[in-house]
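Participant: Here's a structure for you.
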Ligand SMILES: NC(=O)c1ccc[n+]([C@@H]2O[C@H](COP(=O)([O-])OP(=O)(O)OC[C@H]3O[C@@H](n4cnc5c(N)ncnc54)[C@H](OP(=O)(O)O)[C@@H]3O)[C@@H](O)[C@H]2O)c1
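Residue numbers (the working numbering): 18 to 303.
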């Protein structure tokens, strides 16, 4: 049996084992849950808001565009949310991350889930020395996450709450054409991985779930990768539901879709195979 076949079989067995040992999800556990979702005006965040609404949660959503947030909040109420409030905020600002957490705590009277999902816009292209853009993206995609988590932690502790971090396969293995984005996702995985250990060592009540996503069919992602990659995109609504279940069942990690887990394993066992797969999944003609 060739080494690639062995890796594939071991990955599939490991994936099935993880799935079997996953605790069951009780949708009732989300009825009345107090949830803050960032980046909820579009894409996966918007879909998460709708799922939480269907489960009967109390939701605060945030992003920069107030009008769009208002429409999403109205739809949440029509889908069954017990509360749906919104606050416009820019995660590039020093003060808005704290302002959003304080707003949610005040309006909901506490917090069960802090779902960190927003990302600043970035291009899909070769790195050409744009340090300023990388610095700005780090602020939005990483620093605001840790600022919000720190602000919310004492309140999550009171309610045996959870931080749910929406990350990416790009934060587990480097991809071409997205160096600044990839850096922010590696930073997230590293930081929140450390925090998972520290909270466990302190016997904290708070769980942290890190969600590793592959390509998802949101408008913004599809626009960026059109004509560039052959990787199949998975549905945002399904990704959103899997993220919510991962948080609700207090799992450490989510890999969605299935191939993200296999790629994560293969990259350490066989860097050559991984590099080959990655470089050949892009249409790039110099
Ligand atoms: N889609 C994929 O293929 C994919 C793959 C792997 C991982 N992910 C992860 O999944 C998450 C969601 O991705 P997505 O595709 O759903 O993204 P998206 O559709 O581009 O949505 C991004 C959200 O962030 C908000 N946002 C942008 N800049 C902001 C800022 N400065 N301050 C506050 N909010 C800001 C946007 O709303 P406003 O413009 O109104 O501010 C929007 O609500 C991200 O963490 C991403 O890394 C996605």
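No residue lacks a Cβ here, since even glycine has one placed at the ideal position from N, Cα and C.
So residue 227 packs on residue 182, CB below 8 Å; how close in whole Å?
Facilitator: 5 Å
Participant: What's the gap between the Cα of residue 276 and the Cα of residue 231?
Facilitator: 8 Å
Participant: When every heavy atom of ligand 1 is checked, does at least one fall within less than 6 Å of the C-beta of residue 140?
Facilitator: no
Participant: Give the DSSP bridge partners of residue 11, in chain order.
Facilitator: What is shown of the chain runs 18 to 303, which leaves residue 11 out entirely.
Participant: List the residues that DSSP assigns as beta-bridge partners of residue 270.
Facilitator: 227
Participant: Along the chain, where does the alpha helix (DSSP H) containing residue 278 start, and where does it finish?
Facilitator: 276-286
Participant: Using a Cβ-Cβ cutoff of less than 7 Å, which residues in the same chain neighbour residue 172 once the five nearest sequence positions on both sides are dropped?
Facilitator: 122, 127, 128
Participant: Which residues share a DSSP beta bridge with residue 251?
Facilitator: Beta-bridge pairing links residue 251 to 233.
Participant: Provide the residue(s) that pair with residue 291 in DSSP beta bridges, ordered along the chain.
Facilitator: According to DSSP, which records beta bridges pairwise, residue 291 is partnered with nothing at all.
Participant: Give me the Cα-Cα distance between residue 81 and residue 63, rounded to the nearest whole angstrom.
Facilitator: 13 Å
Participant: Measuring CB to CB, does residue 108 end up less than 7 Å from residue 148?
Facilitator: no
Participant: Do three or more CB pairs link the segment 108-118 to the segment 154-168 at distances below 8 Å?
Facilitator: yes
Participant: Name the two residues that bound the continuous beta strand (DSSP E) containing residue 130.
Facilitator: 130-133
Participant: Could you tell me whether any non-hydrogen atom of ligand 3 is closer than 6 Å to the CB of residue 62?
Facilitator: Ligands displayed in this structure: ligand 1; ligand 3 is not among them.
Participant: Can you find a heavy atom of ligand 1 that lies under 6 Å from the Cβ of residue 68?
Facilitator: no
Participant: Quick check on this structure: which residue in 130, 124, 155 has the alpha carbon closest to the alpha carbon of residue 138?
Facilitator: Answer by Cα proximity: 155.
Participant: Can at least three beta-carbon pairs, one atom from the segment 211-221 and one from the segment 250-267, be found at a separation below 8 Å?
Facilitator: no
Participant: Flag this pair as yes or no: are the beta carbons of residue 224 and residue 168 separated by less than 7 Å?
Facilitator: no
Participant: Got a sec? Which residues, its chain only, sit under 7 Å from residue 42 by beta carbon, not counting five neighbours each side?
Facilitator: Answer for residue 42: 262, 265, 266, listed in chain order.
Participant: From this set, 202, 176, 180, 131, which residue's C-alpha is nearest residue 187's C-alpha?
Facilitator: 202
Participant: In the DSSP output, which residue or residues are listed as bridge partners for residue 181?
Facilitator: 132, 226
Participant: How about the segment 90-99 and the segment 277-297: do they share at least three Cβ pairs that are nearer than 8 Å?
Facilitator: no
Participant: Under 7 Å between the Cβ atoms of residue 65 and residue 77?
Facilitator: no
Participant: On the premise that residue 60 lies in contact with residue 236, defined as a C-beta separation below 8 Å, what is that separation, rounded to the nearest angstrom?
Facilitator: 7 Å
Participant: Would you mind stating whether residue 150 and residue 193 have Cβ atoms separated by less than 7 Å?
Facilitator: no
Participant: Among 229, 102, 295, which one has its Cα closest to the Cα of residue 134?
Facilitator: It is 229.
Participant: Can you tell me whether residue 7 is buried or exposed, with buried defined as 16 or more other CB within 10 angstroms of its CB?
Facilitator: The chain is shown only over 18 to 303; residue 7 falls outside these bounds and no answer can be derived.
Participant: How about residue 204: is its Cβ closer than 6 Å to a heavy atom in ligand 1?
Facilitator: no
Participant: With respect to 6 Å, is the separation between the Cβ of residue 232 and the closest non-hydrogen atom of ligand 1 below this value?
Facilitator: Indeed, a heavy atom of ligand 1 lies less than 6 Å from the Cβ.
Participant: Taking the DSSP output, what are the residues bridged to residue 301?
Facilitator: Beta-bridge pairing links residue 301 to no other residue.
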